[in-house]
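Participant:
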Amino acid sequence: MKLKFLGIAVLITIFSCKTEETEVGKIAEEQLTQFVNPFIGTDGPGNTYPGATTPYGMVQLSPDIGVGGWDRIAGYFYQDSIITGFSHMHLTGTGAGDLYDILVMPTNSQFSERIPENNHKPFSKFDHEQEEASPGYYSVQLLDYDIKAELTATPRTGIQRFTFPEDSLSQIHVDLGYALNWDRATETHLKVVNDSVIEGYRKSTGWAKDQRVYFVMKFSKAFQDFEILENGAKISAKEITAENTKIILNYETTSEEQIVVKTGVSSANIEGAYASLEKEAPDFNFDHYREEANETWEKELQKIKIETSNSDQKSIFYTMMYQSMLAPTLLSDPNGNYKGANDSIENADGFNRYDTFSLWDTFRAAHPLYTIIQQERVPDFIKSMLAHYQETGLLPVWSMQGNETNMMLGYHSVPVIVDAYFKGFDFDAELAYEACKASAMTSTRKIDVFAERGYVPAEEKEGDWSVSKTLEYAYDDWCIAMFAKDLGKEDDYQYFLERSGYWKNTYDSKTSFFRAKNENGEFIAGFNSKEYSDYFSESNAWQYYWFVPQDISGLIKTTGGEERFTQKLDSMFSFNPAADDKLPIFSTGMIGQYAHGNEPSHHVAYLYDYLGKPSETQRLVRQILTEQYKNEPNGHCGNEDCGQMSSWYIFSSMGFYPVNAAQGTYMLGAPLFESAEINLPGGKKFSVKTSNFAEENQFVTKVKLNGKELNRAYITHKEIVEGGELLFEMSSEPVDRVLETPQPNTIY
Numbered sequence: 001m002k003l004k005f006l007g008i009a010v011l012i013t014i015f016s017c018k019t020e021e022t023e024v025g026k027i028a029e030e031q032l033t034q035f036v037n038p039f040i041g042t043d044g045p046g047n048t049y050p051g052a053t054t055p056y057g058m059v060q061l062s063p064d065i066g067v068g069g070w071d072r073i074a075g076y077f078y079q080d081s082i083i084t085g086f087s088h089m090h091l092t093g094t095g096a097g098d099l100y101d102i103l104v105m106p107t108n109s110q111f112s113e114r115i116p117e118n119n120h121k122p123f124s125k126f127d128h129e130q131e132e133a134s135p136g137y138y139s140v141q142l143l144d145y146d147i148k149a150e151l152t153a154t155p156r157t158g159i160q161r162f163t164f165p166e167d168s169l170s171q172i173h174v175d176l177g178y179a180l181n182w183d184r185a186t187e188t189h190l191k192v193v194n195d196s197v198i199e200g201y202r203k204s205t206g207w208a209k210d211q212r213v214y215f216v217m218k219f220s221k222a223f224q225d226f227e228i229l230e231n232g233a234k235i236s237a238k239e240i241t242a243e244n245t246k247i248i249l250n251y252e253t254t255s256e257e258q259i260v261v262k263t264g265v266s267s268a269n270i271e272g273a274y275a276s277l278e279k280e281a282p283d284f285n286f287d288h289y290r291e292e293a294n295e296t297w298e299k300e301l302q303k304i305k306i307e308t309s310n311s312d313q314k315s316i317f318y319t320m321m322y323q324s325m326l327a328p329t330l331l332s333d334p335n336g337n338y339k340g341a342n343d344s345i346e347n348a349d350g351f352n353r354y355d356t357f358s359l360w361d362t363f364r365a366a367h368p369l370y371t372i373i374q375q376e377r378v379p380d381f382i383k384s385m386l387a388h389y390q391e392t393g394l395l396p397v398w399s400m401q402g403n404e405t406n407m408m409l410g411y412h413s414v415p416v417i418v419d420a421y422f423k424g425f426d427f428d429a430e431l432a433y434e435a436c437k438a439s440a441m442t443s444t445r446k447i448d449v450f451a452e453r454g455y456v457p458a459e460e461k462e463g464d465w466s467v468s469k470t471l472e473y474a475y476d477d478w479c480i481a482m483f484a485k486d487l488g489k490e491d492d493y494q495y496f497l498e499r500s501g502y503w504k505n506t507y508d509s510k511t512s513f514f515r516a517k518n519e520n521g522e523f524i525a526g527f528n529s530k531e532y533s534d535y536f537s538e539s540n541a542w543q544y545y546w547f548v549p550q551d552i553s554g555l556i557k558t559t560g561g562e563e564r565f566t567q568k569l570d571s572m573f574s575f576n577p578a579a580d581d582k583l584p585i586f587s588t589g590m591i592g593q594y595a596h597g598n599e600p601s602h603h604v605a606y607l608y609d610y611l612g613k614p615s616e617t618q619r620l621v622r623q624i625l626t627e628q629y630k631n632e633p634n635g636h637c638g639n640e641d642c643g644q645m646s647s648w649y650i651f652s653s654m655g656f657y658p659v660n661a662a663q664g665t666y667m668l669g670a671p672l673f674e675s676a677e678i679n680l681p682g683g684k685k686f687s688v689k690t691s692n693f694a695e696e697n698q699f700v701t702k703v704k705l706n707g708k709e710l711n712r713a714y715i716t717h718k719e720i721v722e723g724g725e726l727l728f729e730m731s732s733e734p735v736d737r738v739l740e741t742p743q744p745n746t747i748y
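Take the sequence shown: its position 548, counting from 1, is numbered 548 in full-length UniProt numbering, and each next residue is one higher.
1) Distance check for E725 and S170, CA to CA, integer angstroms please.
2) Under DSSP, the beta strand (DSSP E) around E257 begins and ends at which residues?
3) Are S332 and S413 touching if we call contact CB-CB under 9 Å?
4) Under a three-way DSSP split, which group does F226 fall into?
5) With burial defined as no fewer than 16 other Cβ atoms inside 10 Å of the residue's Cβ, what is the status of N352: buried or exposed?
6) According to DSSP, is L330 part of a helix, a strand, or is it coil?
7) CB Y354 to CB S324, shorter than 9 Å?
8) With 16 other CB atoms within 10 Å as the buried threshold, where does V59 fall?
9) For a quick check, are the C-beta atoms of A185 and S168 less than 9 Å apart?
10) I40 and N631 look like a contact to me (Cβ under 8 Å); what is the Cβ gap, rounded to whole Å?
11) Please report the Cβ distance between S615 and P734, rounded to the nearest whole angstrom; I am assuming they are in contact, meaning their Cβ atoms lie under 8 Å.
12) In whole angstroms, what separates the C-alpha of S675 from that of Q313?
13) Apart from the five residues on each side of it in sequence, which residues of its chain come closer than 6 Å, Cβ to Cβ, to G336?
14) Do you know whose CA, among E131, V67, G158, lies nearest E117's CA?
15) Under a three-way DSSP split, which group does Q698 fall into?
16) With distances taken Cα to Cα, identify the nearest neighbour of H173 among I247, E230, K234.
17) Between which two residues does the beta strand (DSSP E) containing D167 stretch?
18) So the candidates are L103, E291, I678; which of them puts its Cα closest to the Cα of H717?
19) Just mark residue 749 as buried or exposed, buried being the case when its beta carbon has 16 or more other beta carbons within 10 Å.
20) Assuming L190 and I228 form a contact by the criterion Cβ under 8 Å, report the distance between their Cβ atoms to the nearest whole angstrom.
21) Give the single residue among N634, E695, D508 whose Cα lies nearest to the Cα of S309.
22) So, under 8 Å CB-CB, Y714 and Y666 are touching, yes? Tell me the CB distance rounded to an integer number of Å.
23) Closest to H128 by C-alpha separation, out of Y507, T42, I235, D428, would be which residue?
24) Inspect the beta-carbon positions of R445 and K469 and report whether they are closer than 9 Å.
25) The beta strand (DSSP E) spanning S109 covers which residue range?
26) So, are the CB atoms of N269 and A341 less than 9 Å apart?
27) How would you label A233, buried or exposed, when you count the other beta carbons within 10 angstroms and need 16 or more for buried?
28) Rounded to whole angstroms, how far is the Cβ of F123 from the Cβ of I83, which I believe are closer than 8 Å?
29) With contact counted as at least three CB pairs below 8 Å, one residue from each stretch, are the stretch 468 to 488 and the stretch 558 to 570 in contact?
30) Would you tell me roughly how many angstroms separate the C-alpha atoms of M320 and Q401, rounded to the nearest one?
31) For the alpha helix (DSSP H) that A440 lies in, which residues bound it at each end?
32) Going by DSSP in three states, R364 sits in which element: helix, strand or coil?
33) Hey, which unbroken runs of the beta strand (DSSP E) at 3 residues or more fall wholly within the stretch 388 to 430?
34) Ordered along the chain, which non-local residues of its own chain (more than five positions away) have a Cβ less than 7 Å from that of V456?
35) Based on the DSSP output, what are the partners of V688 in its beta bridges?
36) So, helix, strand or coil for E199, using DSSP?
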């Protein structure tokens with residue numbers, strides 16, 4: 001692997017004084033994009049992609065290995081050695097294999113081997129030593145053809161530059177039938193407009209059942225001729241509509257000749273694809289678009305500036321910043337049109353419509369992070385969720401490409417919306433409340449049964465998740481209760497507050513765990529707390545025990561008090577899996593029963609704050625930060641999950657984390673860096689500083705906010721966005737004391 005270092009730019013700033021003297025100085029501004037390593041997570045379980053994209057962009061132009069499998073969910077796996085082409089859309093860090101739309105591959109007469117593993121598609125070997133990646137840019141040498149491929153992007157266009165050797169039969173393949181993993185083309189269309197423009201669409205099914213990508217592709221050099229294929233057979237036509245289509249464009253190239261291909265996309269129509277090109281990529285200046293993408297990323301990364309002498313930690317931090325901004329993704333085109341979740345073409349009036357909402361993951365930390373560093377985008381995220389509600393009658397659960405996949409559980413748009421409401425973001429609050437309530441009153445996914453019985457009864461089926469559903473529905477209902485109270489809806493407040501306490505209905509005092517119940521209210525026999533049964537979502541009873549973020553004090557009391565709760569929490573981190581335990585693929589990043597590779601564990605280390613033992617939070621968070629994140633391809637201990645894994649790192653490395661994502665509070669840990677500065681709208685800054693900073697000083701003796709010592713274990717969102725200074729005094733020895741914690745049923 002070779003990272004593309006962009007160097008250090010020198011910015012000249014002229015300072016004018018009102019006196020007779022004028023001082024002119026040069027300030028060297030460090031370019032933060034140079035620290036981003038897009039290869040983190042491309043090996044191991046991370047499932048990230050290394051290709052070119054812009055923050056929250058519609059296009060994710062990235063290499064595809066062309067071979068399916070869990071390790072290749074994002075199309076690329078670092079351990080592989082071939083590339084089958086470059087497709088325009090990818091998911092970041094998920095466990096679902098979908099997208100891979102519009103595959104482009106340059107070839108020539110130097111190599112013609114085909115293999116069954118990639119369905120006999122053209123391919124080339126490559127070497128990581130001749131591969132580069134940086135924000136908004138990717139390049140690789142296709143060794144078998146001696147072709148250099150370079151990729152960059154704007155929000156809705158992908159731009160590719162191919163440097164060919166001399167050859168009388170250089171080709172560019174555009175394959176719409178190409179599919180991988182869960183994805184399958186259902187209808188594709190190709191049309192040759194002229195000798196340098198093609199257009200078409202790809203409709204497909206997979207995880208998202210009705211996906212539509214319309215495109216127009218323009219070439220900097222006219223092709224000599226072309227071949228259109230249907231199911232691999234050549235046909236004589238300039239236009240075709242079929243399930244599996246492909247076009248091969250033929251060129252004669254000279255040595256080092258470059259051809260630029262730019263592709264505009266829309267989920268609505270061809271007109272939108274043309275608009276994407278006209279607005280975002282009107283010419284063929286590849287280097288300009290690459291520089292523009294880098295500048296866009298630089299602006300985003302500058303929102304948090306850290307100070308550390310540890311170069312690996314700096315690369316990890318800014319890579320996590322980068323990966324936190326790969327989703328959600330744009331769905332509307334420049335005309336405002338998009339494929340709605342009702343399968344109609346809709347228009348986003350006055351906002352950008354986003355999708356790829358991995359909410360079971362991202363409600364925990366990613367969306368709270370956006371309320372700090374993406375304040376300009378948060379209203380559009382919420383309006384996008386409300387548009388989904390208006391299109392379907394329910395808020396999104398896990399939506400992508402204008403579809404509801406219904407993956408995972410809960411109705412976790414609710415905490416995201418409620419959090420944004422209390423933080424003062426601008427959207428229709430009454431519509432938002434209506435949507436939240438509708439999603440909690442639906443008869444789908446056993447929500448009505450939960451409301452009636454006070455728990456979700458277990459069923460003997462895969463994906464039952466009854467205990468997890470009970471706990472997560474209760475949390476979402478607490479969020480609605482707080483929303484209702486603030487809007488003056490007293491009856492709804494009381495109703496949903498009662499439902500928020502239903503977590504107690506699956507608690508078994510004999511085992512001190514939450515357990516599955518049958519229709520008769522009896523606990524299911526044969527309980528094993530370490531077992532990954534169908535009653536828990538991608539977890540076991542240990543990992544889900546702590547998911548009562550709306551009432552930590554109530555959970556402590558139910559467990560038997562602080563001493564018993566502390567013992568159980570200690571056991572969580574020390575009860576290691578046995579050698580013969582069957583750990584599922586998502587149970588990674590283990591510390592005892594804690595699994596950092598999956599989201600239900602993410603807040604657990606911060607629970608010591610509620611017990612007067614903040615030093616344990618500080619110790620464990622430091623361990624997770626330094627052991628579970630690496631500056632290498634196998635640098636994620638689990639799926640990155642659309643920004644959640646990276647957002648956990650960003651928060652925790654600065655010294656705080658949102659245990660209850662909708663309460664407006666962040667529990668304190670300890671910073672990993674000497675200092676961090678959050679650049680906020682309006683020129684405000686929130687600084688995190690340390691005294692007595694040293695690698696061995698991982699504990700905190702006291703915390704000061706704006707010079708005043710804190711007697712609480714949290715800070716509030718309002719305190720951050722108003723700007724100020726948070727100072728941690730560090731020590732090598734643990735210091736414990738009882739600190740004030742957030743009160744239940746309170747928004748700060």
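Don't be surprised by glycine CBs; every beta carbon is placed ideally from N, CA and C.
If you're wondering where the values come from, they're calculated on a predicted model, not measured in any experiment.
Facilitator: Taking the definition as stated:
1) 59 Å
2) 257 to 266
3) no
4) strand
5) buried
6) strand
7) no
8) buried
9) no
10) 7 Å
11) 3 Å
12) 13 Å
13) N347, A348
14) V67
15) coil
16) I247
17) 167 to 175
18) I678
19) Residue 749 lies beyond the range of the chain shown here (1 to 748); nothing can be said about it.
20) 6 Å
21) E695
22) 6 Å
23) T42
24) yes
25) Element bounds for S109: n/a, residue is neither H nor E.
26) no
27) exposed
28) 6 Å
29) no
30) 24 Å
31) 429 to 440
32) coil
33) 398 to 400
34) K446, V449, F450, S466, K469, T470
35) A676, L726
36) strand
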